[in-house]
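K.L.:
In the working numbering, the protein residues as written are 392 to 577.
(1) Provide the residue(s) that pair with residue 422 in DSSP beta bridges, ordered along the chain.
(2) Hey, residue 453 and residue 559: beta-carbon distance below 7 Å or not?
(3) DSSP state of residue 411, grouped into three classes?
(4) Starting from residue 464 and walking both ways along the beta strand (DSSP E), at which residues does that stretch end?
(5) Pop quiz: residue 542 and residue 461 are said to be a contact at Cβ under 8 Å. What is the actual Cβ separation, rounded to whole angstroms?
(6) For the beta strand (DSSP E) holding residue 393, just list the boundary residues, first then last.
(7) Which term fits residue 443, buried or exposed, when burial requires 16 or more other beta carbons within 10 angstroms of its beta carbon?
(8) Do residue 529 and residue 496 have their C-beta atoms closer together than 7 Å?
(9) Can you give me the Cβ contacts of residue 411 inside the same chain, cut-off strictly under 7 Å, excluding the 5 residues immediately before and after it?
(10) Along the beta strand (DSSP E) that carries residue 572, what are the first and last residues, could you check?
(11) List the endpoints of the continuous beta strand (DSSP E) containing residue 542.
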């Protein structure tokens, strides 16, 4: 694990996540980077599996989600007070087959997260009491089927109206090369 604060430029934290994968992985790291004067957030996974495995990356939101034509970018729109806010969420990976998709957040009978130990709509942690309504939430997901490497960056940046085509302010690099920078464009 590693942590570095760079003042106003940003910070990063990297977690050795191999324990979550046991004997399946050679290594597994997850990092979070704040850069561009803390205006860009990156969630990055670097996982090397011993054999071919499947991975699902999940983000939950109540925001309205619009996917780009290639499904490599998601625009999450919500209102804070009366002001519309849009978060651009970009997927960067050398694996060109990866893309975003959107599914409901509630557990359905055919939900890929449902296992034999969970019952739809109930929480074991709540002693079997009905869970809160999750119908307003959605899952933004990335599915990687039969991969040996899962190297993915998910880049989050607030954008203004009509700025969907503004350049992304992060270029994917290994976490070992992370260095938060000051945004001098403002």
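Where a beta carbon is used, it is the ideal one built from N, C-alpha and C, also for glycine.
None of the values given here were measured: they were computed from a predicted structure.
P.N.:
Based on what the coordinates show:
(1) Paired residue(s): 405, 435.
(2) No, they are not a contact pair.
(3) If DSSP states are grouped into helix, strand and coil, residue 411 belongs with the helices.
(4) In the DSSP annotation of this structure, the continuous segment of the beta strand (DSSP E) that includes residue 464 starts and ends at 464-471.
(5) The beta carbons of residue 542 and residue 461 sit about 19 Å from each other, so the pair does not count as a contact at 8 Å.
(6) Run containing residue 393: 393-396, per the beta strand (DSSP E) assignment.
(7) It counts as exposed.
(8) Contact: yes.
(9) Only residues of its own chain outside the window of five on either side were considered, and among them 419 have a CB closer than 7 Å to the CB of residue 411, listed in chain order.
(10) Residue 572: not part of any beta strand (DSSP E); DSSP gives it neither H nor E.
(11) That run of the beta strand (DSSP E) goes 529-550.
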